[in-house]
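In terms of the working numbering, the sequence shown is residues 1 to 342.
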Amino acid sequence: MSPSRSPEHEETNMPTVHNLVPIINDQSQYIHHLEAEVKFCKEELSGMKNRVQVVVLENERLQQELKSQKEEEETMREQTLMDASGNVQNSWITPDVDSRVDEASRRSLSHGNANVINAACAGEAEKWKLELERLKLTYEEKSEILESQLRFLRKELAESQKDCEDLKERLKHKESLLAANVSHRVGGLCLKCAQHEAVLSQTHSNVHIQTIERLTKERDDLMSALVSVRSSLTDVQQREASAFEQVKQAVQMTEEANFEKTKALIQCEQLKNELERQTERLEKELASQQEKRTFEKEMMKKEMTKEREDMRSKVLKGSICYPHCRRNVYGDVIANSVGSNF
1 MSPSRSPEHE
11 ETNMPTVHNL
21 VPIINDQSQY
31 IHHLEAEVKF
41 CKEELSGMKN
51 RVQVVVLENE
61 RLQQELKSQK
71 EEEETMREQT
81 LMDASGNVQN
91 SWITPDVDSR
101 VDEASRRSLS
111 HGNANVINAA
121 CAGEAEKWKL
131 ELERLKLTYE
141 EKSEILESQL
151 RFLRKELAES
161 QKDCEDLKER
171 LKHKESLLAA
181 NVSHRVGGLC
191 LKCAQHEAVL
201 SQTHSNVHIQ
211 TIERLTKERD
221 DLMSALVSVR
231 SSLTDVQQRE
241 ASAFEQVKQA
251 VQMTEEANFE
261 KTKALIQCEQ
271 LKNELERQTE
281 RLEKELASQQ
291 EKRTFEKEMM
301 KKEMTKERED
311 MRSKVLKGSI
321 CYPHCRRNVY
331 GDVIANSVGS
341 NF
């Protein structure tokens, strides 16, 4: 009784075809799910590549902007120095000044030159200040954008690495479960069920093997893509370091430009003071010359008045002396004639 019952008992415990079909369908659904996850990982990696490319292009554009701004600063510095030297040469006054120049015109000319120099210095200082503020804001904005992009890329790379590790672990686990289930089912089936299982495995084994091979290949592709993304991230970090150095150099150049601007302002102030001293000296010289001319005119006037008075007095003396002498002559003649008559 027992030997006859044991095969029947084993037959009842063996899984039937109806039980195997849902298992195979579940495996197919799981494989499709894995394919969808692999596709999602591919899309995420492609998006990450695009973002890395955008960061690289943005970094190159920032380098070009920094280069152009550096050239503009050098050109502006040279132009400022040339303008300052031209204003100084144009505003310089020669010491050989004509003593007959009017005081009002000389004073207006000196004040006009001083106003021109003051206006030029103020305009250049304001221009430098605005340019430095604009450069500072631009560098801060670009640095913040690069830092935010780098943080985002690092976060996405960490998430992608974690997802890849999870997918690898799940794939290994499912492969081990699938191998264990297949070996267990094939070893414990009866002849009829084994034949049916052989037919089913023959029809589906190639599909599963191809799917597993394809998933393995995609996994390898994802790993190679991950390696390339890591190398791209290293490149981006190097570019970030070079951009930081460029920004540091730009800040240093800005400080040097501030120093040059302060130096130019000091020179302008010194030239302005020198111009004021020259103007005051010329005004004093002009005033002394005019006083001298006025004094000479007064002296000449007095001398001419004195000479005229002398001439007048001489003429008056001559006119008084002439009738008196004539009268004396006539009196003597008459007296002589009278005496002779007597």
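Quick reminder that beta carbons are idealized off the backbone N, C-alpha and C, glycines included.
Under 7 Å, do residue i and residue j count as touching if we go by C-beta distance?
i: Val55; j: Gln149; result: yes
i: Glu37; j: Leu167; result: yes
i: Leu233; j: Cys41; result: no
i: Glu44; j: Ser160; result: yes
i: Asn59; j: Arg239; result: yes
i: Ala250; j: Leu66; result: yes
i: Leu132; j: Thr254; result: yes
By how many angstroms is the C-alpha of residue j removed from the C-alpha of residue i?
i: Ile344; j: Glu245; result: With the chain represented from 1 up to 342, any question about residue 344 goes unanswered, as that position is not in the structure.
i: Lys301; j: Glu276; result: 37 Å
i: Glu144; j: Thr138; result: 10 Å
i: Leu316; j: Glu298; result: 26 Å
i: Glu260; j: Gln270; result: 15 Å
i: Glu78; j: Val236; result: 36 Å
i: Arg51; j: Ser224; result: 18 Å
i: Ala287; j: Glu126; result: 39 Å
i: His33; j: Lys155; result: 25 Å
i: Ile266; j: Trp128; result: 15 Å
i: Ile212; j: Glu35; result: 10 Å
i: Met311; j: Thr305; result: 10 Å
i: Ser39; j: Ala179; result: Note that residue 39 is Lys in the sequence shown, not Ser. Going by the C-alpha atoms only, they are around 25 Å apart.
i: Phe295; j: Met82; result: 47 Å
i: Lys136; j: Ser68; result: 15 Å
i: Lys70; j: Lys162; result: 43 Å
i: Pro95; j: Arg293; result: Caution is warranted here: a pLDDT of 43 is assigned to Pro95, below 50, making its placement in the model unreliable, and the coordinate value is therefore given only provisionally. Answer to the nearest angstrom: the Cα atoms are 20 Å apart.
i: Gln53; j: His173; result: 36 Å
i: Glu303; j: Asn273; result: 44 Å
i: Cys164; j: Leu57; result: 28 Å
i: Gly278; j: Thr262; result: Going by the sequence as given, residue 278 is Gln instead of Gly. Gln278 and Thr262: Cα-Cα distance of roughly 24 Å.
i: Glu307; j: Lys284; result: 34 Å
i: Gln290; j: Ser319; result: 42 Å
i: Glu169; j: Arg134; result: 53 Å
i: Glu175; j: Asp220; result: 16 Å
i: Gln29; j: Arg151; result: 37 Å
i: His9; j: Gln210; result: Annotation note: pLDDT 43 at His9 (below 50); position unreliable, no value reported.
i: Ser46; j: Gln252; result: 39 Å
Could you give the C-beta distance for residue i and residue j, rounded to a whole number, given that I count them as a contact under 8 Å?
i: Leu157; j: Val229; result: 6 Å
i: Glu73; j: Ala243; result: Rounded, the Cβ-Cβ distance is 18 Å, inconsistent with contact.
i: Lys130; j: Met48; result: Position check: residue 130 holds Leu in this sequence, whereas Lys was assumed. So it is not a contact: roughly 40 Å between Cβ atoms.
i: Leu215; j: Leu171; result: 7 Å
i: Ala264; j: Thr75; result: With a Cβ gap of about 16 Å, Ala264 and Thr75 do not count as contacting.
Would you say residue i lies against chain C (beta-carbon separation less than 7 Å)?
i: Leu150; result: Looking for chain C here will not work: only one protein chain is present.
Say yes only if the C-beta of residue i is nearer than 6 Å to one or more non-hydrogen atoms of the ligand SAH, and no if none qualify.
i: Thr80; result: Because no ligand of any kind appears in the structure shown, any question about the ligand SAH cannot be addressed here.
Ranges of the alpha helix (DSSP H) found wholly within the segment 242–316, counting only runs of at least 4:
none
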